[in-house]
Amino acid sequence: MSRTIDRDFALLFGVMLMIAAGNTALQSILPALGRSLHAADSAVAAVFSVSALLWMLTAPFWANRSERAGRRAMVLLGILGFTASLGLCGLCLALGINGVLSPFATFAAFVVGRMLYGGFGSAAPPAVQAIVASRTSREDRTKALTLLASAFGLGTILGPAVAPYLVMGHLWPGGPLIGLSGPAFAASAVGLVLLVAVLRLLPADSGAVEHGAAASYPSIGGQGTGATVAAAVGEHVEHVRTFDPQVRPWMVAGLVTGHAQAMTGQAIGFLVIDRLRLAPAAALEPTGLVLMIGAGASLLVQWGLIPLLELKPRALILAGAALGALGCVATAMAGSLYGIALGYATIALGMGFARPGFTAGASLAVGPHAQGSVAGRVTSINGAAFVLGPSIGVAMYEVWGALPYLVAAGALVALLGYGWVAARHLPASEGKGRNGPAAGAHATIE
171 MSRTIDRDFA
181 LLFGVMLMIA
191 AGNTALQSIL
201 PALGRSLHAA
211 DSAVAAVFSV
221 SALLWMLTAP
231 FWANRSERAG
241 RRAMVLLGIL
251 GFTASLGLCG
261 LCLALGINGV
271 LSPFATFAAF
281 VVGRMLYGGF
291 GSAAPPAVQA
301 IVASRTSRED
311 RTKALTLLAS
321 AFGLGTILGP
331 AVAPYLVMGH
341 LWPGGPLIGL
351 SGPAFAASAV
361 GLVLLVAVLR
371 LLPADSGAVE
381 HGAAASYPSI
391 GGQGTGATVA
401 AAVGEHVEHV
411 RTFDPQVRPW
421 MVAGLVTGHA
431 QAMTGQAIGF
441 LVIDRLRLAP
451 AAALEPTGLV
461 LMIGAGASLL
471 VQWGLIPLLE
481 LKPRALILAG
491 AALGALGCVA
501 TAMAGSLYGI
511 ALGYATIALG
521 MGFARPGFTA
531 GASLAVGPHA
541 QGSVAGRVTS
551 INGAAFVLGP
561 SIGVAMYEVW
571 GALPYLVAAG
581 ALVALLGYGW
591 VAARHLPASE
601 GKGRNGPAAG
611 AHATIE
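Quick note on the working numbering: the sequence shown kicks off at 171 and runs consecutively.
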């Protein structure tokens with residue numbers, strides 16, 4: 171690539187990284203924020219469910235809109251939505267922390283801020299994909315889009331890792347306390363820098379017309395599986411329904427594992443606070459540590475163990491469900507930081523196997539002309555899990571702290587049984603795609 175293309179790619183990589191990191195940073199501190207403002211745990215989860223729902227509904231619209239309004243304009247719109255959302259969230263949270271707003275008013279304003287993110291932040295990823303695709307050769311396109319998409323996956327790890335270090339004190343001695351709203355302000359400031367950089371440095375759209383694909387909502391535990399890249403470069407000649415018989419077992423597996431991961435991931439911050447009996451602000455570092463260990467375990471599987479073991483999609487899902495169920499039970503029983511971290515890492519290990527297995531299995535179940543269509547269905551399943559999953563998990567947690575983990579364990583055990591039964595209807599060539607054994611199973615990022 172030329173120096174100009176390299177510069178533009180680095181800029182677009184930063185856009186994708188920040189859109190994901192800012193969201194997950196805020197997501198990781200929200201349990202502590204909710205507790206410090208004496209808000210209901212379920213209200214905290216509902217904030218992100220609303221945002222994820224809007225993202226899922228608007229992402230396909232913005233992906234199509236970029237062809238008419240322009241890809242650069244959609245990138246700017248996405249960054250603007252991100253920056254305004256985080257800025258508004260930071261402001262309302264700071265007002266709540268300092269007692270200017272009641273907890274109810276604080277979270278009402280916070281929901282509006284999150285709606286801006288869900289409604290407009292989703293405009294950027296497909297437009298960024300389309301820009302990169304239009305400036306690369308067909309031979310280099312998949313590699314470039316995969317590298318670009320890694321920014322989204324890395325952002326879901328970076329956000330929780332840096333969030334505890336962005337908590338700020340008083341603006342001046344005796345002045346307003348920034349406190350837990352600091353990560354939102356910091357992310358909004360970076361978004362503003364990116365907005366200016368894109369305005370000044372990213373050139374206008376070229377004449378080439380390429381398409382981007384809607385991305386799944388960036389969430390804790392939601393590291394990608396390669397589906398978005400496949401949706402962007404795959405053929406859409408044949409249309410595949412979400413629960414078409416040939417892909418139904420894989421879609422069911424995706425729904426179960428996705429909801430198990432969303433339920434357990436959203437509740438983990440509350441679990442750390444309660445099991446370790448910590449003040450909300452003191453829980454940020456141990457929560458960040460647990461989330462980082464979980465993310466590292468998932469990446470170890472996707473980037474190391476899957477290519478090494480060369481397991482077929484069905485084996486990936488069954489192994490993932492078994493490990494995930496074991497991790498859920500261990501987390502439910504844990505009473506120390508070590509126990510919570512080990513249990514959550516085991517859940518992440520399982521989901522690291524299962525998510526690529528579900529993606530690869532769905533891909534191998536259809537022919538070459540339906541790859542784009544089925545990849546789009548996979549992306550929608552990945553996104554749907556983070557709409558209701560967090561709210562369901564936290565609602566269960568309010569009833570009993572171990573309940574979301576035990577329910578998730580039961581669902582994963584049921585998936586093991588379903589997998590054995592559904593396997594009877596799989597073709598004998600499972601795992602032998604167009605590119606050799608388990609084609610697509612090595613995709614690790616979305």
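Glycine is no exception: its CB is placed at the ideal position from the N, C-alpha and C atoms. The structure displayed is predicted, hence computed values, not measured ones.
So what does DSSP say about residue i, is it helix, strand or coil?
i      : result
TRP570 : coil
SER272 : coil
LYS482 : coil
PRO295 : helix
LEU187 : helix
ALA210 : coil
SER307 : coil
SER198 : helix
GLY257 : helix
HIS612 : Unreliable placement is indicated for HIS612, whose pLDDT of 39 sits below 50; no coordinate value is reported for it.
SER543 : helix
GLY464 : helix
VAL536 : coil
ALA240 : The residue you asked about is not Ala; residue 240 is Gly in the sequence shown. Looking at GLY240 - three-state DSSP - the assignment turns out to be coil, as it is neither helix nor strand.
Note down the Cα distance separating residue i from residue j, rounded to an integer number of angstroms.
i      : j      : result
ILE463 : ARG238 : 43 Å
SER272 : VAL282 : 16 Å
PRO201 : SER255 : 19 Å
GLY490 : PRO419 : 15 Å
PRO296 : SER358 : 21 Å
ARG445 : ALA215 : 19 Å
ASN605 : SER543 : Residue confidence is low: ASN605 scores 38 on pLDDT, short of 50, so the model does not pin down where it sits. Its coordinate-derived value is still stated next. Each residue's alpha carbon lies about 18 Å from the other.
SER236 : ALA432 : 30 Å
THR316 : LEU493 : 27 Å
LEU261 : GLY349 : 12 Å
LEU475 : VAL270 : 51 Å
ALA581 : VAL460 : 23 Å
ALA356 : LEU336 : 7 Å
ARG177 : GLY553 : 30 Å
GLN472 : GLY424 : 16 Å
ARG447 : GLY571 : 13 Å
LEU478 : ASP310 : 24 Å
ALA518 : TYR387 : 18 Å
SER307 : ILE199 : 42 Å
ARG313 : ALA319 : Note that residue 313 is Lys in the sequence shown here, rather than Arg. In a straight line, the C-alpha of LYS313 is about 10 Å away from that of ALA319.
ALA367 : SER221 : 26 Å
THR427 : ALA530 : 15 Å
PHE277 : LEU371 : 37 Å
LEU512 : LEU369 : 45 Å
ALA111 : LEU196 : Nothing can be reported for residue 111: it is not among the residues displayed for the chain, which extend from 171 to 616.
ILE487 : GLY589 : 8 Å
ALA213 : PRO538 : 44 Å
ALA583 : ALA384 : Reading the sequence as shown, one finds Val at residue 583 and not Ala. Roughly 31 Å separates the two Cα atoms.
Spatial neighbours of residue i within its chain, please: C-beta separation below 7 Å, excluding the five flanking residues on both sides.
i      : result
GLY345 : none
PHE413 : MET421
LEU224 : MET285, GLY288 and GLY289
ALA374 : ARG242
ILE510 : LEU441, VAL442, ARG445, VAL460, THR501 and ALA504
LEU507 : LEU446 and PRO456
Whose C-beta lies closer than 6 Å to the C-beta of residue i among residues of the same chain, with five residues either side of it excluded?
i      : result
SER389 : PHE556
ASP211 : PHE440, VAL564 and GLU568
GLN416 : ALA535
ALA293 : TRP232, MET244, LEU247 and GLY248
SER599 : Residue confidence for SER599 is low, a pLDDT of 45 falling below 50, so the modelled location carries little weight and cannot support an answer.
SER561 : ALA215, ALA216 and SER219
CYS259 : PHE280, GLY283 and ALA354
LEU182 : VAL298
GLY559 : HIS429, ALA432 and MET433
Leaving out five residues before and five after residue i in sequence, what residues of the same chain have Cβ atoms less than 8 Å from its Cβ?
i      : result
ALA451 : ALA202, SER206, VAL337, GLY349 and LEU350
HIS409 : ALA540 and SER543
THR228 : GLY288, GLY289, PHE290, SER292 and ALA293
Contained beta strand (DSSP E) runs [length at least 3] in the segment 317-389, N- to C-terminal order: 338-340 and 347-349
Contact between the segment 185-193 and the segment 545-565 (3+ Cβ pairs under 8 Å): no
Segment contact flag, the segment 499-517 with the segment 558-577, C-beta cutoff 8 Å, min 3 pairs: yes
Cβ contact check for the segment 461-480 and the segment 322-331: 3 or more pairs under 8 Å: yes
Residue ranges of each alpha helix (DSSP H) within the segment 395-450, 4 or longer: 397-403 and 418-445
Continuous alpha helix (DSSP H) assignments of at least 4 residues falling wholly in the segment 479-530: 483-503
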